[in-house]
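Per full-length UniProt numbering, the very first residue in the sequence shown carries number 1; after that it's consecutive.
Beta carbons: idealized from backbone N, C-alpha and C, even for Gly.
Some notes on the structure that comes next.
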Amino acid sequence: MRLGDADRVNVTTFDAAGEGTTSTNFVVHMAQDKVGLWTTESGPWTERLALSSVVSLHAANASGRVLREEPVLEGRALLVTEGEDYDSVKAATREKYGVSMKVAEVADWAWELGKKGTPDGVVVVSIVG
């Protein structure tokens with residue numbers, strides 16, 4: 001299975017000490033050896049990717065449980081909040097996930113009521129191994 005065909009992907013980012021933080025994300029295929037991850041919150045990704053662009057990816061089911069028959073892949077991640085990659089990944093996510101994406105947007109809106117929120121974003125991951 002292509003990683004972009006999975007229901008979700010577990011993405012692990014790493015801090016300066018090499019400790020990992022894992023999150024489950026929507027995932028879409030972009031091009032050969034590239035996937036896109038749409039997120040309602042670009043702030044945490046900005047902090048995490050500032051330390052290291054290295055990520056590990058593991059295909060998961062809709063509830064975030066890893067698909068053990070699929071390999072763990074390594075990639076280099078870049079957060080984008082505008083431009084062609086942003087637009088195409090957001091559109092592909094909307095097409096693939098439909099109402100689930102809308103629910104995530106509404107939940108994020110409710111969470112940010114009365115607070116300063118961060119814009120949504122797209123993490124473009126180039127698979128390296």
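Short check: CB of residue i to CB of residue j, under 9 Å?
i, j, result
"ALA59", "GLU70", "yes"
"LEU79", "THR12", "no"
"GLY64", "MET30", "no"
"LEU51", "ASP15", "yes"
"VAL28", "LYS115", "no"
"THR40", "GLU105", "yes"
Use the C-beta contact count for residue i: other C-beta atoms within 10 angstroms, 16 or more gives buried, fewer gives exposed.
i, result
"VAL99", "exposed"
"ALA17", "exposed"
"ALA92", "buried"
"ARG2", "exposed"
"GLY75", "buried"
Nearest by alpha-carbon distance to residue i: which of the options is it?
i, options, result
"THR22", "MET1, TRP45 and GLY36", "TRP45"
"VAL66", "VAL106, SER126, ILE127 and ASP7", "ASP7"
"THR81", "VAL72, VAL122 and LYS102", "VAL122"
"VAL9", "LEU73, LYS102, ALA107 and ALA104", "LEU73"
"VAL103", "ASP5, PHE26, ASP15 and GLY20", "PHE26"
"VAL85", "ASP5, LYS34, GLU105 and ARG48", "Looking at the sequence provided, one finds Asp at residue 85 rather than Val. For the residues ASP5, LYS34, GLU105 and ARG48, the minimum Cα distance to ASP85 belongs to LYS34."
"GLY129", "GLY20, GLU47, THR24 and GLN32", "GLN32"
"TYR127", "GLY36, THR24 and GLU19", "Looking at the sequence itself, residue 127 is Ile, so the reference to Tyr does not match. The candidate whose alpha carbon is nearest that of ILE127 is GLY36."
"GLY83", "GLY20, ASP120, ALA107 and GLU19", "ASP120"
Give me, in chain order, the residues of the same chain whose beta-carbon lies closer than 6 Å to that of residue i; leave out the 5 immediate sequence neighbours on both sides.
i, result
"LYS90", "TRP38"
"ALA77", "LEU49, SER53, VAL55, VAL123 and VAL125"
Bridge partners for residue i per DSSP, in chain order?
i, result
"TRP38", "VAL122"
"SER53", "Answer is none; SER53 lacks a bridge partner."
Within the present structure, is the beta-carbon of residue i separated from the nearest heavy atom of the ligand ZN by less than 8 Å?
i, result
"GLY4", "The ligand ZN is not part of the structure shown, which contains no ligands of any sort."
Starting from the C-beta of residue i, find all residues in its chain whose C-beta is less than 7 Å away, skip the five residues before and the five after it, and write them out in chain order.
i, result
"ARG94", "MET101"
Leaving aside the five residues before and after residue i along the sequence, list all residues of the same chain whose C-beta is less than 8 Å from its C-beta, in chain order.
i, result
"ALA107", "THR40"
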